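K.L.:
Residue numbers for the sequence shown follow the numbering used here, beginning at 3 and rising by one. Glycine residues also receive a C-beta, built at the ideal position from the N, C-alpha and C atoms. Everything numeric in this text was worked out from a predicted model, so none of it was measured.
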Amino acid sequence: MYLDTSTSITILELDGRHYEWESGRELARDLLKFIRDKLQENNCDWHDLESIKFMAGPGSFTGLRIGATVVNSLAHDLGIPLYNQRDEKVEIILPEYGRPANITPPKK
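1. Thinking just about the alpha-carbon of each residue, which of Val-72, Asp-50, Asp-17 and Leu-51 is nearest to the one in Ala-58?
2. Taking the DSSP output, what are the residues bridged to His-49?
3. Is it the case that the Cβ atoms of Arg-67 and Pro-107 are separated by a distance below 8 angstroms?
4. Relative to the alpha-carbon of Leu-16, which residue among Phe-36, Lys-35 and Lys-40 has its alpha-carbon at the smallest distance?
5. Under 8 angstroms, with one C-beta from each stretch per pair, do the region 44-60 and the region 20-36 reach the 3-pair mark?
6. Let's test the definition: count the other Cβ atoms within 10 Å of the Cβ of Asp-89 and tell me whether it reaches 16, buried, or not, exposed.
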């Protein structure tokens, strides 16, 4: 499985099949459903996944965090290898934002 949540258009690839979803603000709520539905369309389920590759960035701060959380959890729970966009096997995905996060200081 390949997943890219770096933009408002989520890209999922399963066994050479390419899917796009205009996820917008629904990514956190519906990402797992989107993946599950596409697995079912291919007569598969979660346990048929053999590895996960994730586009870790740069891109949307929120999109990368949500996607990284999902792929890290899936890889851990399913006991399958996880790869970043450079095909490097990693223990966990750390989002690569392309620049330091712009965190505003607390007002108080």
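P.N.:
Reading it off the structure:
1. Counting from one through the sequence shown, the residue named residue 58 turns up at place 56. For the options Val-72, Asp-50, Asp-17 and Leu-51, the alpha carbon positioned closest to that of Ala-58 is the one of Val-72.
2. Stepping through the sequence shown from its first residue, residue 49 is reached at position 47. According to DSSP, His-49 bridges with nothing at all.
3. The residue you call residue 67 lines up with position 65 of the sequence shown. The residue you call residue 107 lines up with position 105 of the sequence shown. Taking 8 angstroms as the Cβ cut-off, Arg-67 and Pro-107 do not qualify as a contacting pair.
4. Walking along the sequence shown from the start, residue 16 turns up at place 14. Closest by alpha carbon: Lys-40.
5. By the Cβ rule, the region 44-60 does not count as touching the region 20-36, because fewer than three pairs are nearer than 8 angstroms.
6. Position 87 of the sequence shown, counted from the first residue, corresponds to residue 89. With fewer than 16 Cβ atoms within 10 Å of its Cβ, Asp-89 is classed as exposed.
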